[in-house]
Every structure is written in C-alpha cells, then in structure tokens.
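Engineer:
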Amino acid sequence: MSLYYVQKFLFELNRDPVRQAAYRTDPADSLAGYELTDDERTALTEPDIGFLYHLGVNGQILMHFAALHDIAWADYLQRMRDGIATYGPVREGVYAMTGYEGVEDHSARLRGAQGSS
Numbered sequence: 001m002s003l004y005y006v007q008k009f010l011f012e013l014n015r016d017p018v019r020q021a022a023y024r025t026d027p028a029d030s031l032a033g034y035e036l037t038d039d040e041r042t043a044l045t046e047p048d049i050g051f052l053y054h055l056g057v058n059g060q061i062l063m064h065f066a067a068l069h070d071i072a073w074a075d076y077l078q079r080m081r082d083g084i085a086t087y088g089p090v091r092e093g094v095y096a097m098t099g100y101e102g103v104e105d106h107s108a109r110l111r112g113a114q115g116s117s
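Counting in the working numbering, the sequence shown runs from 1 upward without gaps.
(1) Using only CA atoms, which one of TYR87, SER30, GLU35 lies nearest to TYR4?
(2) If you check the beta carbons only, do LEU52 and VAL6 fall under 8 Å apart?
(3) Given this structure, state the Cα-to-Cα distance separating ALA113 from ALA43, to the nearest angstrom.
(4) My guess is that ILE49 and ILE84 are in contact by the Cβ rule of under 8 Å, so how many angstroms apart are they, rounded?
(5) What three-state label does DSSP hand THR42 in the structure shown?
(6) With distance defined between alpha-carbon atoms, name the residue in ARG81, THR86, TYR87 nearest to ASP105.
(7) Below 8 Å between beta carbons: does that hold for PHE65 and LEU31?
(8) Within its chain, find whatever has a CB closer than 6 Å to the CB of GLU131; leave out the 5 residues flanking it on each side and keep chain order.
(9) Three-state secondary structure (DSSP) at GLY50?
(10) In whole angstroms, what is the alpha-carbon distance linking ARG111 and GLN60?
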C-alpha cells in the first residue's frame with residue numbers, strides 16, 4: 001500500500017488545472033510515475049471514494065477529488081460511509097491514528113457514556 005503516493009497524486013491533481021485536463025483525457029495515463037498498487041490505480045480512475053477513504057486518504061484532499069468528479073457533498077459523505085461498510089475501518093493515516101470511528105458510532109458512544117454517569 002502506498003498511501004503517500006495516492007495522496008501525493010491527489011494533492012497535485014487538485015492544485016493543477018493542466019494535470020486535471022490530462023486526468024480527464026486519460027486517467028490511467030495520468031498515474032504514470034506514481035508507485036501505486038493495482039487497487040489504488042483502479043480506485044483513482046473509477047473513482048472509488050469509499051475505497052480511497054478506507055485506505056486512509058485525508059478527507060480534505062479527497063473532497064476536492066470528489067468535486068472534480070461532480071460528486072455532491074451528501075453523496076461524497078455517503079460514499080465514505082459505504083467505503084467503511086464495504087471495506088472495513090480506515091487502514092492508516094490521520095483517521096486511523098486518532099481512532100476515528102465515524103460520526104454515528106462516536107455519537108452513540110457519547111450518548112452511552114452520558115447515560116451511565
């Protein structure tokens with residue numbers, strides 16, 4: 001897994017209109033030069049927002065990628081939820097390091113803690 005290269009690609013894509021045009025023309029070719037797995041390449045070319053989130057891609061980077069694909073905000077959030085449901089917890093990155101459990105689970109845990117006091 002190469003989270004660094006996935007995020008580097010997305011960061012550069014999000015900031016550069018020339019890269020965006022190349023990506024729109026040939027997404028697979030625009031990934032040349034990045035050390036990515038086949039699954040990462042597929043997720044970046046489809047795009048599979050849920051899988052990318054599961055891999056640990058930062059949400060700030062990922063939301064711009066979703067916008068590039070005209071994915072509405074509510075749909076973007078749902079795709080992240082679906083990614084966790086389909087692929088499992090976030091593997092690495094900031095969300096995994098902080099123990100991020102998702103809004104619904106976190107809220108339920110807080111409600112349970114308040115009820116037990």
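Backbone N, C-alpha and C fix where the C-beta goes; we use that ideal spot for every residue, glycine too.
Note that the structure is predicted; figures quoted are calculated from it, not measured.
Structural biologist: Short version:
(1) Residue mapping note: residue 4 aligns to position 4 of the sequence shown, counting from 1. Comparing Cα-Cα distances from TYR4 to each of TYR87, SER30, GLU35, the minimum goes to GLU35.
(2) Taking the sequence shown and counting its residues from 1, one reaches residue 52 at position 52. Taking the sequence shown and counting its residues from 1, one reaches residue 6 at position 6. Yes. Within cutoff.
(3) For the purposes of this step, residue 113 is taken as residue 113 along the sequence shown, with counting starting at 1. For the purposes of this step, residue 43 is taken as residue 43 along the sequence shown, with counting starting at 1. Distance between the alpha carbons of ALA113 and ALA43 is about 38 Å.
(4) The sequence position of residue 49 within the sequence shown is 49, counting from 1. The sequence position of residue 84 within the sequence shown is 84, counting from 1. About 11 Å separates the two Cβ atoms, so there is no contact after all.
(5) Residue 42 sits at position 42 when you count from the first residue of the sequence shown. In the displayed model, THR42 falls within a helix according to three-state DSSP.
(6) Numbered from 1 along the sequence shown, position 105 holds the residue referred to as residue 105. Of ARG81, THR86, TYR87, the residue nearest in Cα terms is ARG81.
(7) For the purposes of this step, residue 65 is taken as residue 65 along the sequence shown, with counting starting at 1. For the purposes of this step, residue 31 is taken as residue 31 along the sequence shown, with counting starting at 1. Between PHE65 and LEU31, the gap from beta carbon to beta carbon reaches 8 Å or more.
(8) It is not possible to answer for residue 131, since the shown part of the chain is limited to 1 through 117.
(9) Against the sequence shown, residue 50 aligns to sequence position 50. Helix.
(10) To locate residue 111, count along the sequence shown from 1; it is residue 111. To locate residue 60, count along the sequence shown from 1; it is residue 60. Each residue's Cα considered, the two are about 28 Å apart.
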